[in-house]
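Working notes, structure below.
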Amino acid sequence: MESGGGEVLHIKRVLWIALMMLGALPYFIPCAYPMDQQKIILKNGDIVTGEIIFESEDLIKLKHPIFGELTIPKDQIKPVQKHHTEPATVKQKMPGPSGFGLLRGWQRHIAMGIKGEEGNKVRLDFNVALDLKKEDEEQRRLLSAVYYYESEHRYRDKNKGHISYVRDWLKPTSRWFYYSYSEYEFDSYRWWKQRLSFYGGPGYDFYKGDHFELRGRTGLGFVKTWGTDNEFNPEGLLGTEFSWKPNPIHQFSSEFITYWNFNDAGEFRTWWQLKWIISLDVLKGLNLELGFEHEYESVIDEQSGHNSH
Numbered sequence: 035m036e037s038g039g040g041e042v043l044h045i046k047r048v049l050w051i052a053l054m055m056l057g058a059l060p061y062f063i064p065c066a067y068p069m070d071q072q073k074i075i076l077k078n079g080d081i082v083t084g085e086i087i088f089e090s091e092d093l094i095k096l097k098h099p100i101f102g103e104l105t106i107p108k109d110q111i112k113p114v115q116k117h118h119t120e121p122a123t124v125k126q127k128m129p130g131p132s133g134f135g136l137l138r139g140w141q142r143h144i145a146m147g148i149k150g151e152e153g154n155k156v157r158l159d160f161n162v163a164l165d166l167k168k169e170d171e172e173q174r175r176l177l178s179a180v181y182y183y184e185s186e187h188r189y190r191d192k193n194k195g196h197i198s199y200v201r202d203w204l205k206p207t208s209r210w211f212y213y214s215y216s217e218y219e220f221d222s223y224r225w226w227k228q229r230l231s232f233y234g235g236p237g238y239d240f241y242k243g244d245h246f247e248l249r250g251r252t253g254l255g256f257v258k259t260w261g262t263d264n265e266f267n268p269e270g271l272l273g274t275e276f277s278w279k280p281n282p283i284h285q286f287s288s289e290f291i292t293y294w295n296f297n298d299a300g301e302f303r304t305w306w307q308l309k310w311i312i313s314l315d316v317l318k319g320l321n322l323e324l325g326f327e328h329e330y331e332s333v334i335d336e337q338s339g340h341n342s343h
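Quick note: the sequence shown uses the numbering used here, first residue 35, plus one each step.
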């Protein structure tokens, strides 16, 4: 635990991070300035406007500001009157920071929460999460980062975070895919202070539709820790994940992963995450997110006295 001047330093650092993240919001959230709005003219005369997030030979996926993600077959799109047939799309240059093309083609999601309390109880809670996702016919990529900070009575009691990168190599004619998964974690109050892991193996898309996805993955890898004990252990991975979007307003997702230690058959750990995202009409791109995250380790943490948090 840390107190006094150290606590003030940590609070200043957290507030500085919050200001930096607020300054970066225009680059990640297409609120009033969509990055790449396009108009698509259909054969029946209707015009659909939005951001193209995926395109293949047969269809176009468009992110509409009101109706969410739309799938439009290309045979329903009116061709441009040229020497060759192209989808009738007209790009619109929009002002704002997103016009610089940062992270073009990536779906961006950032969440932030901060809470302060002073009186009989002095408390500061801060967390921030960032997800970047991109998918096409050949691969899926997901970059996620999370940071948590909590202090009470001028004592810091939580300071942890992790960043992970998942890359799936897809086969257009098969539900099977191959993946690599790497993650870096740090936690000031665990028997390990830093942890680096890497895994790879096959995965399978049990169901993949416009509104529901369910997949599983298994693989082998290793985990390296630094802290009280510097360890290197080979591990096995088994995980499932799903996403359900019943309408343009609500989206539910969950991910559950188990890690098995091959050096000690009795040791394992699990990680479980639930998310409920509610789109708000007050400001385009603004969502309310409710989430739950739980981690369990069969090895009891001597510093915290328990094996889950």
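Beta carbons: idealized from backbone N, C-alpha and C, even for Gly.
On a predicted model such as this, the values are computed, not experimentally measured, just so you know.
Could you please give me the residues that DSSP links to residue i through a beta bridge?
| i | result |
| --- | --- |
| G253 | L271 |
| Q141 | K167 |
| P236 | Y212 |
| V82 | I74 |
| P107 | L93 |
| F246 | W278 |
| I311 | Q285 and E323 |
| I87 | For I87, which the question treats as bridged, DSSP gives no partner whatsoever. |
| F296 | Answer is none; F296 lacks a bridge partner. |
| E329 | W305 |
| D159 | K149 and E184 |
| F266 | K258 |
| F290 | T274 and W306 |
Measure the CB-CB distance between residue i and residue j and report whether it falls below 8 angstroms.
| i | j | result |
| --- | --- | --- |
| Q307 | E331 | no |
| E169 | F88 | yes |
| R229 | V200 | no |
| W271 | G253 | Note on identity: in this sequence residue 271 is Leu, with Trp being the wrong assignment. Yes, the Cβ-Cβ distance between L271 and G253 is below 8 angstroms. |
| G255 | Y238 | no |
| K227 | G250 | no |
| L314 | L324 | no |
| W140 | L166 | yes |
| Y293 | E269 | yes |
| W305 | E329 | yes |
| F246 | W278 | yes |
Starting from the C-beta of residue i, find all residues in its chain whose C-beta is less than 7 angstroms away, skip the five residues before and the five after it, and write them out in chain order.
| i | result |
| --- | --- |
| Y218 | H196, I197 and L230 |
| S90 | E171 |
| F220 | K194, G195, K227 and Q228 |
| P107 | D92 and L93 |
| Y182 | N161, K192, K194 and G195 |
Identify, in the order they occur along the chain, each residue of the same chain with its Cβ nearer than 6 angstroms to the Cβ of residue i, setting aside the five sequence neighbours on each side.
| i | result |
| --- | --- |
| N267 | V257, N295 and N297 |
| S11 | Outside the shown range of the chain (35 to 343) lies residue 11, about which nothing can therefore be said. |
| E184 | D159, D191 and K192 |
| W310 | F286 and L324 |
| P282 | F101 and G102 |
| A179 | L164 and I197 |
| E327 | Q307 |
| L104 | L96 and H98 |
| S222 | N193 |
| R174 | D202 |
Here's a check: name, in chain order, each residue in its chain whose Cβ is nearer than 8 angstroms to the Cβ of residue i, leaving out the five neighbours to either side.
| i | result |
| --- | --- |
| K77 | Q110, I111 and K112 |
| G300 | S332 |
| H284 | W310, I311, I312 and S313 |
| I81 | K73, I74 and I75 |
Please specify which runs of the beta strand (DSSP E), each continuous and at least 3 residues long, are wholly inside the region 169 to 229, giving them in chain order.
-> 173 to 186, 189 to 204 and 210 to 221
With a cut-off of 8 angstroms, do at least 3 Cβ pairs link the region 160 to 167 to the region 143 to 150?
-> yes
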